[in-house]
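Numbering (the working numbering), first residue to last: 1085 to 1365.
Even for Gly, the Cβ is constructed at its ideal location relative to N, Cα and C.
Take a look at the structure set out below.
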């Protein structure tokens, strides 16, 4: 099976199956100082059929109202995700984002539960299934907490950053299993590496998206998760410096080396940001 993958920074990924497009954790409102720069604007993205949201933090959801309204697409997420989309779409929480949704759009948001299979349909035909996976958010380490807490530039923009964090709580954190033409794709928006036994029925997989951020050294946690899922292909995400000064670039070179050394049957693919990459599963 061939799939086109576009990584748009953070955990934002477009999966194009040819006849169906899925968008994960939509976030195109990147900081002008972000690195690498995203060459793709949200207005240039082709029609989306479904959006999967892992949790409600701003860097996983801010663009969801735009696509929800423009494409009248289906959105799957937790209860807080629906609340956050309404807050963003009203134009009241983030002044830089205009009012862009109506009440009819909210009817296309499905509040989903873990381990329940949901069908993705188009023109009356079921093309794929999605199963939410109960997960949790990465636990920031002391280095990461201190880096933000003692950064004067963060405090100089404290009001704006607080509106993001307080106004857009995460809610329950989900991963997703996508099944399409007999292939299993596992996607996470935040790295959960402490309760791997709860993922037993979702492994092995053909493709794993693994977010590598939130800790000074994500190599060991990342290796644990990758080894557990035994993917044929793994694609790292969320390691970019997406919203400085609260974010930073994460060096994942050690992770890539260890995957190659310890898991020779797993291929690491690193798509260029905003550029479609065709992958054979």
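Take residue 1100 and list the residues in its own chain whose beta-carbon comes closer than 6 Å to its own, dropping the five residues that flank it on each side. 1088
Using beta-carbon positions only, say whether residue 1152 and residue 1185 come within less than 8 Å of one another. Cβ atoms of residue 1152 and residue 1185: closer than 8 Å.
Measure the alpha-carbon distance for residue 1262 versus residue 1338 and round it to whole angstroms. 28 Å
Within 8 Å, do at least three Cβ pairs link the region 1302-1316 to the region 1103-1119? no
Between the beta-carbon of residue 1166 and the beta-carbon of residue 1204, is there less than 8 Å? no
Taking the DSSP output, what are the residues bridged to residue 1355? DSSP lists no partner for residue 1355.
Would you mind sorting residue 1278 into buried or exposed? The rule is 16 or more other CB atoms within 10 Å of its CB. exposed
Could you give the first and the last residue of the continuous beta strand (DSSP E) run that contains residue 1363? 1361-1364
Going by C-alpha to C-alpha distance, which of 1365, 1130 and 1343 sits closest to residue 1266? 1365
Just the Cα atoms here: how many angstroms apart are residue 1156 and residue 1175? 18 Å
Could you pull the DSSP bridge partners for residue 1259 from this structure? 1217 and 1272
For residue 1158, write down the residues that DSSP places opposite it in a beta bridge. 1134
Compare the beta carbon distance of residue 1164 and residue 1188 with 8 Å and say whether it is the shorter of the two. no
What residue range does the alpha helix (DSSP H) around residue 1167 cover? 1163-1173
Can you name the start and end residues of the beta strand (DSSP E) that residue 1099 belongs to? 1097-1100
Name the two residues that bound the continuous beta strand (DSSP E) containing residue 1206. From DSSP, the beta strand (DSSP E) with residue 1206 extends over 1202-1206.
Would you mind stating whether residue 1326 and residue 1295 have Cβ atoms separated by less than 8 Å? no
Pick out whichever of 1131, 1169, 1281 and 1193 has its Cα sitting closest to the Cα of residue 1158. 1193
Through-space distance from residue 1359 to residue 1257, alpha-carbon basis: 28 Å
6 Å Cβ shell around residue 1218 - same chain, five flanking residues per side excluded: 1198
Quick one: residues in its chain with C-beta nearer than 8 Å to the C-beta of residue 1350, no 5 flanking neighbours on either side, listed in chain order? Answer for residue 1350: 1310, 1314, 1315, 1316, 1317, 1318 and 1343, listed in chain order.
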